[in-house]
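The sequence shown begins at 5 in our numbering and counts up by one.
Ideal Cβ placement from N, Cα and C applies to all residues, glycine included.
Computed from a prediction, not measured in an experiment: that's the story for all the values here.
Please read the structure below before turning to the comments.
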Amino acid sequence: MKEITIVGGGLAGLSLGVCLRKQGIPVRLLESGGYPRHRVCGEFIAGVSEETLEYLGIDSFLADAERHDQMSWWMGDACVLSEQTPSVALGISRYLLDQRLAEEFVSLGGELELKVSVKLSDANQEGWVWAAGKNKSATRSNNTWIGLKIHALDVKAEDLRGLAMHSGQKGKKNGYLGLCPIENDRVNCCGLFEVQSDITPSLAMQRWGKLTSSKKVAMLMSYAEACGMTAFLDWLKIHDFDDDSFSAIAGFNLGAQSVDHPFCIGDAAYLIPPFTGNGMSMALESSRIAAVALGRFSIGECDWYEAVRNNSLAAKKFFTKRTTIAKMLHPLFFHPVGQMALKSVASSGFPSFQFLFKLLRTP
Ligand SMILES: Cc1cc2nc3c(=O)[nH]c(=O)nc-3n(C[C@H](O)[C@H](O)[C@H](O)COP(=O)(O)OP(=O)(O)OC[C@H]3O[C@@H](n4cnc5c(N)ncnc54)[C@H](O)[C@@H]3O)c2cc1C
Numbered sequence: 005m006k007e008i009t010i011v012g013g014g015l016a017g018l019s020l021g022v023c024l025r026k027q028g029i030p031v032r033l034l035e036s037g038g039y040p041r042h043r044v045c046g047e048f049i050a051g052v053s054e055e056t057l058e059y060l061g062i063d064s065f066l067a068d069a070e071r072h073d074q075m076s077w078w079m080g081d082a083c084v085l086s087e088q089t090p091s092v093a094l095g096i097s098r099y100l101l102d103q104r105l106a107e108e109f110v111s112l113g114g115e116l117e118l119k120v121s122v123k124l125s126d127a128n129q130e131g132w133v134w135a136a137g138k139n140k141s142a143t144r145s146n147n148t149w150i151g152l153k154i155h156a157l158d159v160k161a162e163d164l165r166g167l168a169m170h171s172g173q174k175g176k177k178n179g180y181l182g183l184c185p186i187e188n189d190r191v192n193c194c195g196l197f198e199v200q201s202d203i204t205p206s207l208a209m210q211r212w213g214k215l216t217s218s219k220k221v222a223m224l225m226s227y228a229e230a231c232g233m234t235a236f237l238d239w240l241k242i243h244d245f246d247d248d249s250f251s252a253i254a255g256f257n258l259g260a261q262s263v264d265h266p267f268c269i270g271d272a273a274y275l276i277p278p279f280t281g282n283g284m285s286m287a288l289e290s291s292r293i294a295a296v297a298l299g300r301f302s303i304g305e306c307d308w309y310e311a312v313r314n315n316s317l318a319a320k321k322f323f324t325k326r327t328t329i330a331k332m333l334h335p336l337f338f339h340p341v342g343q344m345a346l347k348s349v350a351s352s353g354f355p356s357f358q359f360l361f362k363l364l365r366t367p
């Protein structure tokens, strides 16, 4: 069998590695970081089917995840929606999940090399998959986002029922943030904010890197305050946080990542806006699609050219509906008129949100 090399050990790369190893395919995975580690992510998984998790061989690693079937949506200080999710959402930290998958990959005989940062130009080879996440060298002008994440500690069940989304918009300041209960009575708080106009994303990251823990909470507060997320601020003020869980990212674009590599999976292929999509499910689903094409290539049933072609056609067929709707919907969250329209639809009790949630999370 031909060896497969995966660059990037996030959710996409690790789940692909596990799945290929279960088929007995030799796999090498090159990861620039290590495990366990905190990542900027909302840490709720919704939409991926049981069948996909079983196919990848990772269902047991999610079996003890928190199960959520309630969600609320807050705009400023008003709760505009509170209802059941159309399907159960799973809450689990990336700290735990990625570590579990990495251990499973190694126990299945996968070769894991950590602290190896691969250059894109070196990865364009037969049998190499690019799963290195968001394209950080993106330079388009809409590159204005900063993602911030913290775990709140010892949160009682009555403090937060299910998932809570908060969005805010004040003048040109926009953002949204999700609260998701995860393991050990923790709640993940993860937000995406438009970088305040006086600084660049890289300067925001530099400032973040130099801050002490309490000042990082203050920075998150200042972003939330700037766009008027009043209800979230009230919640934030009465909780304690795990200093080590702070993480931040900036300097990336949403949407197609335009990475110059023929075989990209997960965020490296497409970064769906978090509020309108389910990037983790897409990472897992794209691994499943890739595993089929790579399995055939590895056993010599097709050449690399055909594997690349089959993968991109299958991924396009599977994801286009979702990415197109998300692309149309996302700007509405960041426009005063769009926000008013969404608020009145949500408050009317019309079942369109259940429908949209489903539409954005299924093929
Ligand atoms: C603010 C925010 C909130 C989100 N919330 C949610 C949510 O609640 N639910 C959801 O489903 N999705 C969410 N997402 C999206 C989700 O986090 C991603 O879609 C998912 O992590 C994609 O997995 P991935 O494996 O493709 O990329 P990643 O998880 O980013 O993994 C990429 C890996 O590649 C490694 N790497 C990078 N460059 C190199 C290199 N040159 N060489 C070697 N290794 C390299 C990195 O260290 C990393 O481990 C959110 C995203 C953001 C930004």
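- When secondary structure is reduced to three states using DSSP, Asn139 falls in the coil class, being assigned neither helix nor strand.
- Residue burial is scored here from C-beta neighbours: Glu54 has fewer than 16 other C-beta atoms within 10 angstroms and is therefore classed as exposed.
- Take His334, set aside five residues on each side of it, and the residues of its chain with a beta-carbon closer than 6 Å to its own are Pro277, Thr280, in chain order.
- Beta-bridge partners assigned by DSSP to Gly95: Phe48, Glu70.
- Annotation: Glu35 to Pro340 spans about 41 Å, alpha carbon to alpha carbon.
- Judged by DSSP in its simplified three-state form, Asp158 adopts coil rather than helix or strand.
- In this structure Ile96 touches Ala69 by the C-beta definition: roughly 4 Å separates them, less than 8 Å.
- Distance check between Phe323 and each of Leu288, Ala82, Gly304 places Leu288 closest, using alpha-carbon atoms only.
- Taking the Cβ of Met286 as the reference point, at least one heavy atom of ligand 1 falls within a distance shorter than 8 Å.
- Proximity to Lys220 across Arg41, Leu152, Ser91, His72 peaks at Leu152, based on C-alpha coordinates.
- Only residues of its own chain outside the window of five on either side were considered, and among them Gly51 have a CB closer than 7 Å to the CB of Thr366, listed in chain order.
- For Thr9, the uninterrupted beta strand (DSSP E) segment begins and ends at 8-11.
- One alpha carbon belongs to Val159, the other to Ser218, and they sit about 19 Å apart.
- Bounds of the alpha helix (DSSP H) holding Leu317 are 308-337.
- Inclusion of Gly12 and Ala106 in the CB contact set at 9 Å is not warranted, their separation being larger than that value.
- Short note on Glu87: C-beta not closer than 8 Å to any heavy atom of ligand 1.
- Counting only the Cα atoms, Gln27 lies some 37 Å from Leu183.
- Tyr39 carries a coil assignment under DSSP once its states are collapsed to helix, strand and coil.
- Counted as a single uninterrupted DSSP element, the alpha helix (DSSP H) harbouring Ser19 occupies residues 15-26.
- In this structure, the alpha-carbon of Ser291 lies about 7 Å from that of Ile269.
- A check of alpha carbon separations from Tyr227 across Ser171, Ser262, Lys325, Ala297 identifies Ser171 as the nearest.
- In this structure, Val22 places its C-beta atom within 9 Å of the C-beta atom of Phe109.
- DSSP, reduced to helix, strand and coil, places Glu115 within a strand of the structure shown.
- Judged by beta-carbon spacing, Leu112 lies beyond the 9 Å limit of Arg43, meaning their Cβ atoms are not closer than that value.
- The DSSP-derived three-state label of Ser249 is strand.
- The residue from Pro266, Ala222, Gly255, Asp248 with its alpha-carbon nearest to that of Leu240 is Ala222.
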